[in-house]
Amino acid sequence: MKSKNMIILVVVLAVLVVIYLAQNMGSDKMTVSESLLDLYPDFNSSSVTAIKAYKQDYPDSGLMFVKQDNNWLVESYYNAPAKVSEIEKLFTDIDNLQGEIRSLNQDLFSDYDIEDAKALHVEFLGSDNSEIAHILFGKGVPQASRSSFLRNYGQDTVYMGSENFISRFAAWNADPAKRLPAKRWVEMKLADFDKESSKQIELVKGKTKYLFEKQEQSVMEDTVETTKEVWVQVKPSKDKLDEMKIDGILSRIGALRAMEIVSGEILPDQGLVDPKYIAGVTLKDGATQVFSFGAETDTTSSAYYVKVEGRPLVYKVAKFNFEAIFDQPFEKK
Numbered sequence: 443m444k445s446k447n448m449i450i451l452v453v454v455l456a457v458l459v460v461i462y463l464a465q466n467m468g469s470d471k472m473t474v475s476e477s478l479l480d481l482y483p484d485f486n487s488s489s490v491t492a493i494k495a496y497k498q499d500y501p502d503s504g505l506m507f508v509k510q511d512n513n514w515l516v517e518s519y520y521n522a523p524a525k526v527s528e529i530e531k532l533f534t535d536i537d538n539l540q541g542e543i544r545s546l547n548q549d550l551f552s553d554y555d556i557e558d559a560k561a562l563h564v565e566f567l568g569s570d571n572s573e574i575a576h577i578l579f580g581k582g583v584p585q586a587s588r589s590s591f592l593r594n595y596g597q598d599t600v601y602m603g604s605e606n607f608i609s610r611f612a613a614w615n616a617d618p619a620k621r622l623p624a625k626r627w628v629e630m631k632l633a634d635f636d637k638e639s640s641k642q643i644e645l646v647k648g649k650t651k652y653l654f655e656k657q658e659q660s661v662m663e664d665t666v667e668t669t670k671e672v673w674v675q676v677k678p679s680k681d682k683l684d685e686m687k688i689d690g691i692l693s694r695i696g697a698l699r700a701m702e703i704v705s706g707e708i709l710p711d712q713g714l715v716d717p718k719y720i721a722g723v724t725l726k727d728g729a730t731q732v733f734s735f736g737a738e739t740d741t742t743s744s745a746y747y748v749k750v751e752g753r754p755l756v757y758k759v760a761k762f763n764f765e766a767i768f769d770q771p772f773e774k775k
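Here this note's numbering is used: the first residue of the sequence shown is 443, the next is one more, and so on.
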């Protein structure tokens, strides 16, 4: 290559480098992180007393959460206790929600499935029913599974948000007339106690009543006599269970989880008006938790109706839970 041509190429390259540097030093240049906006920097979850999620034309198919005495209930699902972790995650994600502007034109709403009638509405309300936030969520983003399109109600700006709330509420490709599923949001764990704080277990097993109690007994440890709390069967006096089986019963009561909520009140065919099987735990502070087991839900589901004392709900619990408490510990080898 001739030296003259080489000089020309060097000059051209130098000019391109200067242009590139000038463009990148301009004040209008933004990085990806700078283009992300904090969408709800002033969101205050402590002021929220109700949450509504629904499709505009089918409000009865939505979910309604209400705060009562610092506890969250799923009002639209028998006033069942809400899963605290899910409510807290929803608040955290709204508080940290970021987005990139994708459109300012309402004529493009259909591109994002974010028209008033098609979007998922989520409202956060205050104690006086005032609106803290009213957000519309459109479809998810195929190339970014954790994102979804959103906008504020009554506004035209569409953002690509940093969380997929359509997925959170299981509303993707869902028939808008179909009720939003509530199971994710409902606390299905029935027992709430610390095993180490338990002092008594009472079982009603048909016509037999069992009482197990934690008592201090003298034991030898490394040739030294000391006292230790152990589980003993107080009554009946025959066919006594050993400590391992009693502790197993307590563990199984503490692990009770429901498959679903069947009703918000006791119905005649559930066998809970006069239950034949009851498991109760008394704690050292005197608090009690009592679980009544009724009839089998049907001949094919392998489940029982269960009522928790103090809750106006009837649950369906898997049959193996019943057997693990009332049958297996009493089987003789």
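Just so it is clear, CB atoms sit at the ideal spot from N, CA and C, and this is done for glycine as well.
Item	Value
Exposure of ALA847, with buried meaning 16 or more beta-carbon neighbours within 10 Å	Residue coverage of the chain in this structure runs from 443 to 775, which leaves residue 847 outside it and unanswerable.
Endpoints, alpha helix (DSSP H) assigned at ILE529	526-537
Spatial distance of HIS576 from GLU773 (CA atoms)	58 Å
Which of helix, strand or coil DSSP assigns to SER589	strand
C-beta contact flag for LEU653 and SER503 at 8 Å	no
Own chain partners of ALA766 with C-beta closer than 6 Å, once the 5 adjacent residues on each side are dropped	ARG694
Per DSSP, the bridge partner or partners of SER569	In the DSSP output, where bridge partners are listed per residue, SER569 has none listed.
Rounded straight-line distance, which links the Cα of TYR595 to that of ASP558	8 Å
Top-ranked residue by Cα proximity to SER487, from SER590, GLU573 and GLN498	GLU573
At least 3 beta-carbon pairs within less than 8 Å: the segment 744-754 vs the segment 645-659	no
Three or more C-beta pairs below 8 Å linking the segment 753-770 and the segment 680-697	yes
Of the residues LEU714, LYS761, ASN763 and ALA721, the one placed nearest LEU755, counting alpha carbons only	LEU714
Residues near THR599 in its chain [Cβ-Cβ closer than 8 Å; skip 5 each side]	ILE543, SER545, LEU546 and ARG593
Per DSSP, the bridge partner or partners of GLN657	VAL672
Residue from ASP484, SER527 and ASP480 whose Cα sits closest to the Cα of LYS631	SER527
Where ARG626 sits in the DSSP three-state scheme	helix
Contacting residues, own chain, Cβ-Cβ under 7 Å from THR473 (five flanking each side not counted)	Note that THR473 scores 37 on pLDDT, short of 50, meaning its location in the model is unreliable; the coordinates nonetheless yield the value given after this. Here the set comprises nothing.
Residue nearest to ASP727 in terms of C-alpha spacing, selected from ASP636, ALA624, PRO584 and GLY736	ASP636
Own chain residues within Cβ distance below 7 Å of GLY648, not counting five before or after	LYS718
Cβ contact (3+ pairs, closer than 8 Å) linking the segment 732-742 and the segment 673-685	no
Beta-bridge pairing of ILE543 - partner residues as DSSP gives them	TYR601
Nearest to VAL672 (by Cα), restricted to the options ASN538, LEU539 and ASP689	ASP689
Reduced DSSP secondary structure (H/G/I, E/B, other) of LYS682	coil
Minimum C-alpha distance to GLN418 - residue among ASN571, LEU578, ASP570 and MET602	As shown, the chain starts at 443 and ends at 775. That puts residue 418 outside it, with no answer to give.
Residue from THR665, GLU685, ILE536 and ALA619 whose Cα sits closest to the Cα of ILE643	GLU685
Bridge partners - TRP614, DSSP secondary structure assignment	TRP614 is not bridged to any residue.
TRP514, buried or exposed, once every other Cβ within 10 Å from all chains shown has been counted against 16	buried
For GLY648, three-class secondary structure by DSSP	coil
Exposed unless 16 or more other CB atoms sit within 10 angstroms - verdict on GLY752	exposed
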